[in-house]
Amino acid sequence: MRVVTKLLSYGLLSVVLLFLVTIIRTIVYFPPLKDVHSCPQLHEPIGGEAVVDRFRRAISFKTITRAAQQYDTAELKKYIDFIIKSYPTIHSSSFVSYELVNNYSLLYTVKGSDRSLTPYLLCGHLDVVPVELDKWDVDPFAGVIRDGFIYGRGTTDVKNIVMAALESLEYLLKNGFKPKRSFYVAFGHDEEALGVDGAQYLAKALAAKGVKRLEYLLDEGTIILNKAFVGVDALVAMIGVTEKGYLTVRM
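When we follow our numbering, the leftmost residue of the sequence shown carries the number 2, and every step to the right adds one.
Next up, the structure:
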């Protein structure tokens with residue numbers, strides 16, 4: 002019994018010491034500052050009622066993925082048709098091509114003027130997780146506006162990302178944008194069930210185009226927190242650098 006008690010004491014002491022070391026290093030460590038290139042604002046913020054209305058329409062499509070290979074194909078088709086109709090400049094541009102991958106995922110190729118530059122990839126997904134109606138105060142597929150916020154399934158995961166990418170590209174193309182670097186925009190349709198029918202086939206489609214590497218890949222990212230930590234009044238952007246996983250520790 003004494004041996005067990007001692008082991009527990011040593012274990013607890015180790016955890017406390019590790020915690021203290023972490024706090025001390027956090028307080029005294031100042032990372033080196035690097036020069037960050039400024040990003041000039043080239044245009045007014047993109048917004049207005051039309052942008053909001055399109056986003057709310059996107060929320061209205063019940064593109065629910067319940068499990069692997071269990072998703073609403075009819076709603077996905079309606080959402081894709083809506084996207085094509087809502088962004089005519091993208092879908093008629095001479096240097097933008099798009100294709101349906103495995104029937105319900107979208108892949109856009111935007112050709113740049115300098116083919117020697119490595120392309121990049123913007124990602125998102127068209128599907129959402131199921132809803133439990135008893136936990137909602139509003140219709141999750143109505144795009145309800147309340148107190149200046151839009152409520153609905155997909156507002157943050159991640160029809161906001163999908164629509165923002167499309168709104169941005171449509172705006173830029175309308176204003177004469179011609180990219181120097183080529184890039185791809187990929188929207189899977191079953192990300193909520195590991196992307197076996199979407200992301201997997203999008204990867205194969207890119208490989209078939211000869212894409213062996215990317216300059217970078219920008220996925221949905223995480224959230225911006227407001228007053229999430231005691232003593233920190235500024236907004237905190239959570240940076241996600243990898244996919245979620247798990248860790249097993251034996252004490």
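Ideal Cβ positions, reconstructed from N, Cα and C, are used throughout, including at glycine.
Name, in chain order, the residues that DSSP records as bridge partners for residue i.
i           : result
residue 189 : 126
residue 150 : 147
residue 90  : Its beta-bridge partners do not exist; DSSP assigns none.
residue 99  : 109
residue 184 : 111, 121
residue 24  : Paired residue(s): none; residue 24 is not in a bridge.
Tell me the rounded alpha-carbon separation between residue i and residue j.
i           : j           : result
residue 31  : residue 106 : 44 angstroms
residue 47  : residue 164 : 12 angstroms
residue 43  : residue 148 : 30 angstroms
residue 89  : residue 183 : 20 angstroms
residue 205 : residue 212 : 10 angstroms
residue 203 : residue 187 : 7 angstroms
residue 134 : residue 25  : 46 angstroms
residue 193 : residue 67  : 8 angstroms
residue 141 : residue 185 : 30 angstroms
residue 119 : residue 219 : 14 angstroms
residue 93  : residue 175 : 11 angstroms
residue 227 : residue 234 : 7 angstroms
residue 115 : residue 215 : 15 angstroms
Got a sec? Which residues, its chain only, sit under 6 angstroms from residue i by beta carbon, not counting five neighbours each side?
i           : result
residue 96  : 112
residue 210 : none
Would DSSP call residue i helix, strand or coil?
i           : result
residue 224 : coil
residue 70  : coil
residue 11  : helix
residue 236 : coil
residue 65  : strand
residue 43  : coil
Mark residue i as exposed unless 16 or more other C-beta atoms lie within 10 angstroms of its C-beta, in which case mark it buried.
i          : result
residue 38 : exposed
residue 23 : exposed
residue 1  : No answer is possible for residue 1: it lies beyond the span of the chain, which begins at 2 and ends at 252.
Got a sec? Which residues, its chain only, sit under 8 angstroms from residue i by beta carbon, not counting five neighbours each side?
i           : result
residue 155 : 59, 60, 64, 129, 161
residue 217 : 121, 122
residue 197 : 69, 70, 191
Excluding the 5 residues preceding and the 5 following residue i in the sequence, name in chain order all residues of the same chain whose CB lies nearer than 7 angstroms to its CB.
i           : result
residue 159 : 125, 126, 221
residue 171 : 88, 90, 91
residue 200 : 189, 192
Taking 6 angstroms as the cut-off, is the C-beta of residue i nearer than that to any heavy atom in the ligand FAD?
i          : result
residue 12 : Because no ligand of any kind appears in the structure shown, any question about the ligand FAD cannot be addressed here.
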